[in-house]
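Student:
Number of protein chains: 2
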Amino acid sequence: MTGQVRTVDGRVAGRRGQATRQKLLDCLREMLDTSPYRDVKVIDVARMAGTSPATFYQYFQDVESAILEIANDMAKDGQRLKALTEGQGWTGKGGYAAAEALVDGFLDFWREYEPILRVVDLASAEGDKRFYKVRQSILTAVTTGLTEAIEEVQAKGKAGDEVAPNAMAGTLVAMLAAVSGHQKGFETWKIKMKDVRPALSTLVFMGITGKKPPR
Amino acid sequence: MTGQVRTVDGRVAGRRGQATRQKLLDCLREMLDTSPYRDVKVIDVARMAGTSPATFYQYFQDVESAILEIANDMAKDGQRLKALTEGQGWTGKGGYAAAEALVDGFLDFWREYEPILRVVDLASAEGDKRFYKVRQSILTAVTTGLTEAIEEVQAKGKAGDEVAPNAMAGTLVAMLAAVSGHQKGFETWKIKMKDVRPALSTLVFMGITGKKPPR
DNA sequence: CATCCGATCTGACTGATCGTCAGATTTCTG
DNA sequence: CAGAAATCTGACGATCAGTCAGATCGGATG
Numbered sequence: 001m002t003g004q005v006r007t008v009d010g011r012v013a014g015r016r017g018q019a020t021r022q023k024l025l026d027c028l029r030e031m032l033d034t035s036p037y038r039d040v041k042v043i044d045v046a047r048m049a050g051t052s053p054a055t056f057y058q059y060f061q062d063v064e065s066a067i068l069e070i071a072n073d074m075a076k077d078g079q080r081l082k083a084l085t086e087g088q089g090w091t092g093k094g095g096y097a098a099a100e101a102l103v104d105g106f107l108d109f110w111r112e113y114e115p116i117l118r119v120v121d122l123a124s125a126e127g128d129k130r131f132y133k134v135r136q137s138i139l140t141a142v143t144t145g146l147t148e149a150i151e152e153v154q155a156k157g158k159a160g161d162e163v164a165p166n167a168m169a170g171t172l173v174a175m176l177a178a179v180s181g182h183q184k185g186f187e188t189w190k191i192k193m194k195d196v197r198p199a200l201s202t203l204v205f206m207g208i209t210g211k212k213p214p215r
Numbered sequence: 001m002t003g004q005v006r007t008v009d010g011r012v013a014g015r016r017g018q019a020t021r022q023k024l025l026d027c028l029r030e031m032l033d034t035s036p037y038r039d040v041k042v043i044d045v046a047r048m049a050g051t052s053p054a055t056f057y058q059y060f061q062d063v064e065s066a067i068l069e070i071a072n073d074m075a076k077d078g079q080r081l082k083a084l085t086e087g088q089g090w091t092g093k094g095g096y097a098a099a100e101a102l103v104d105g106f107l108d109f110w111r112e113y114e115p116i117l118r119v120v121d122l123a124s125a126e127g128d129k130r131f132y133k134v135r136q137s138i139l140t141a142v143t144t145g146l147t148e149a150i151e152e153v154q155a156k157g158k159a160g161d162e163v164a165p166n167a168m169a170g171t172l173v174a175m176l177a178a179v180s181g182h183q184k185g186f187e188t189w190k191i192k193m194k195d196v197r198p199a200l201s202t203l204v205f206m207g208i209t210g211k212k213p214p215r
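Chain order of the listed sequences is S and Z. If you read the first sequence in this note's numbering, its first letter stands for residue 1, the second for the next number, and so on. If you read the second sequence in this note's numbering, its first letter stands for residue 1, the second for the next number, and so on.
1. Around the C-beta of Pro213 of chain S, are 16 or more other C-beta atoms found within 10 angstroms, so that it is buried, or is it exposed?
2. Count the other CB atoms within 10 Å of the CB of Glu112 of chain Z; is the residue buried (16 or more) or exposed (fewer)?
3. What are the residues that DSSP puts in a beta bridge with Val226 of chain Z?
4. Is it the case that the region 55 to 72 of chain S contacts the region 157 to 177 of chain S, given that we only count it when at least three CB pairs across the two stretches are under 8 Å?
5. Quick check on Ser52 of chain Z: buried or exposed, where buried means 16 or more other Cβ atoms within 10 Å of its Cβ?
6. Does Thr34 of chain Z come out as helix, strand or coil in the three-state DSSP assignment?
7. In whole angstroms, what separates the C-alpha of Gly185 of chain S from that of Asp121 of chain Z?
8. Straight-line CA distance for Phe205 of chain Z to Leu28 of chain Z?
9. Which residue comes first and which comes last in the alpha helix (DSSP H) that contains Leu84 of chain S?
10. When the Cα atoms are used, what is the spatial distance from Asp73 of chain Z to Glu86 of chain Z?
11. Can you pull the chain Z neighbours of Arg118 of chain S, defined as C-beta to C-beta under 8 Å?
12. For chain S, is any of its Cβ atoms less than 8 Å away from the one on Asp104 of chain Z?
13. Please compile the residues from chain S whose C-beta is within a distance smaller than 8 Å of the C-beta of Asp195 of chain Z.
14. From Asp195 of chain S to Ala99 of chain S, what does the alpha carbon distance come to, in whole angstroms?
15. By Cβ distance, which residues of its chain are closer than 6 Å to Asn166 of chain Z, with the 5 residues on each side in sequence left out?
16. Please check the pair Ala174 of chain Z and Ala178 of chain S, which I expect to be a contact at CB under 8 Å, by giving their CB distance rounded to whole angstroms.
17. If Asp33 of chain S sits next to Pro115 of chain S, beta carbons under 8 Å apart, how far is it from one beta carbon to the other, in whole angstroms?
18. Taking the C-alpha atoms as reference points, what is the distance between Gly78 of chain S and Phe109 of chain S?
19. Please confirm if Met74 of chain S has its CB atom under 8 Å from at least one CB of chain Z.
20. Starting from Lys190 of chain S, find everything on chain Z with Cβ-Cβ shorter than 8 Å and list it in chain order.
21. Go ahead and label Val8 of chain S buried or exposed: buried means 16 or more other beta carbons lie within 10 angstroms of its beta carbon, across all protein chains shown.
22. At what residues does the alpha helix (DSSP H) containing Thr147 of chain S begin and finish?
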């Protein structure tokens, strides 16, 4: 799957090439930490990496492609979120703990990759399928996990015509992603993340079980 | 508040000037509908408006400032969302209907201003205070409305140490904004908006009342 | 209607970045 | 160390940002 690293013109990159490429990616990521996406210039990234713009274009089609690369690595790391939906039952006290773990996992993950996820979100919303795919690869795992959990709960209960499990799961995941992506915003405002965590956990729990969490 | 329209160098714009300015804003908005934010060029906007780049810079500092202008108009329109949290009680069947109305209001609003909201979201997350303020002016009204609703419900009930009302409200609003902003994404995927609406309404209702909605 | 004047627009320019390519430089191989 | 392969870069044409002085427009005046 993860084929060898190649240059734009298809040659396989050697040791030195890989190092340069990686350095460019690192610098790009740092750049995104500090500058608005719209203002990230190839020339700045190259300068920071101590190389020339031409070198950048040897390894990447354009800035977007390079970010996509970083995003792919991130998505690989993101697969660990999947585990947070599996294994434990979702009812009762253990269920609420599971909800809390899921929430914390999201918050941490988003905090770590915040600038990249911003770009991924934008590009996805703008219809770029490559980025949409990356975003989905992170969210899908969690969404399907939650979908199964909801289906299980609904099967157990007398279950009338409930909310569609996958819609509820998708909504919960979108909520988690959104709040995670605006952590700074919340804190700049009058809302403490300390209070947001239980709010999220409660909504996740209620979305899955349909009940108020136990105290 | 809404002072006269001024050029960059402080002169008050007359009829012709206002028309030109508006045309530029319209073209910019159309541009954002079709091109990625990062690719929107002043020169293209000017060309589309049948004028020259120099004219653009007569009315706007840069592309961001112009978008901010559009965003401000949008925010003004967005104040109508406030009404959706007021007036009706949130308990029982009427409460669920209110939740549905709120959800629909959000979905419609976001659909209408999608490309602008994308940029507002990004710029806010990137720390641009001007855009953050616009975003807040839309969300705050709704958030405070919901906060009051939750406080009211909690006061009525025996209310132990519940979730912080403003955190819950902020979370619900973030959820609504997120899902609204990814409507296309949901549909491209396997989730129907037809199913998402009740999921959202249910979460809103449960977040406020702590109970499952009545059937 | 001719003239004038402020409002408005634009051609033209400088500087910055993009994206490319041929050729220089470095590293590897034997 | 020579030769080949890999890697890097200076330099270039094209595009866009942003500025300014001067051209044009449109209404007011006599």
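We put the beta carbon where it would ideally sit given N, CA and C, even for glycine.
Tutor: According to the data block:
1. In the first sequence, residue 213 of chain S corresponds to position 213, counting from 1. By the 10 Å Cβ count, Pro213 of chain S comes out buried.
2. As a working note, residue 112 of chain Z is residue 112 in the second sequence. Exposed is the call here.
3. There is simply no residue 226 of chain Z to check, as chain Z begins at 1 and stops at 215 in what is shown.
4. no
5. For the purposes of this step, residue 52 of chain Z is identified with residue 52 of the second sequence, where counting begins at 1. With fewer than 16 Cβ atoms within 10 Å of its Cβ, Ser52 of chain Z is classed as exposed.
6. Along the second sequence, one-based indexing puts residue 34 of chain Z at 34. Reduced to three states, the DSSP call for Thr34 of chain Z is helix.
7. Locating residue 185 of chain S in the first sequence gives position 185, counting from the first residue. Locating residue 121 of chain Z in the second sequence gives position 121, counting from the first residue. When rounded, the distance between both Cα atoms is 11 Å.
8. Numbered from 1 along the second sequence, position 205 holds the residue referred to as residue 205 of chain Z. Numbered from 1 along the second sequence, position 28 holds the residue referred to as residue 28 of chain Z. Rounded to the nearest angstrom, the two C-alpha atoms are 38 Å apart.
9. Your numbering for residue 84 of chain S matches position 84 in the first sequence. Unbroken run through Leu84 of chain S: none, as it is neither H nor E.
10. Position 73 of the second sequence, counted from the start, is the residue given in the question as residue 73 of chain Z. Position 86 of the second sequence, counted from the start, is the residue given in the question as residue 86 of chain Z. About 23 Å.
11. Residue 118 of chain S sits at position 118 when you count from the first residue of the first sequence. Those are Leu122, Ala125, Glu126, listed as they occur along chain Z.
12. If you number the second sequence from 1, residue 104 of chain Z lands on position 104. False, the Cβ-Cβ gap to chain S never drops below 8 Å.
13. In the second sequence, the residue the question calls residue 195 of chain Z occupies position 195. The answer, in chain order, is Val163, Ala164, Asn166, Ala167.
14. Here residue 195 of chain S refers to the residue found at position 195 of the first sequence. Here residue 99 of chain S refers to the residue found at position 99 of the first sequence. Those two C-alpha atoms are separated by around 15 Å.
15. Here residue 166 of chain Z refers to the residue found at position 166 of the second sequence. Thr147, listed in sequence order.
16. Working through the second sequence from its first residue, we reach residue 174 of chain Z at position 174. Working through the first sequence from its first residue, we reach residue 178 of chain S at position 178. Correct: roughly 5 Å between the Cβ atoms.
17. To locate residue 33 of chain S, count along the first sequence from 1; it is residue 33. To locate residue 115 of chain S, count along the first sequence from 1; it is residue 115. Contact holds; Cβ gap of about 5 Å.
18. Taking the first residue of the first sequence as 1, we reach residue 78 of chain S at position 78. Taking the first residue of the first sequence as 1, we reach residue 109 of chain S at position 109. If I take the Cα positions, the gap works out to 7 Å.
19. As a working note, residue 74 of chain S is residue 74 in the first sequence. False, the Cβ-Cβ gap to chain Z never drops below 8 Å.
20. Counting from 1 along the first sequence, the entry for residue 190 of chain S is found at position 190. Result: Asn166.
21. Here the question's residue 8 of chain S lines up with position 8 in the first sequence. It counts as exposed.
22. Numbered from 1 along the first sequence, position 147 holds the residue referred to as residue 147 of chain S. Start and end: 129 to 156.
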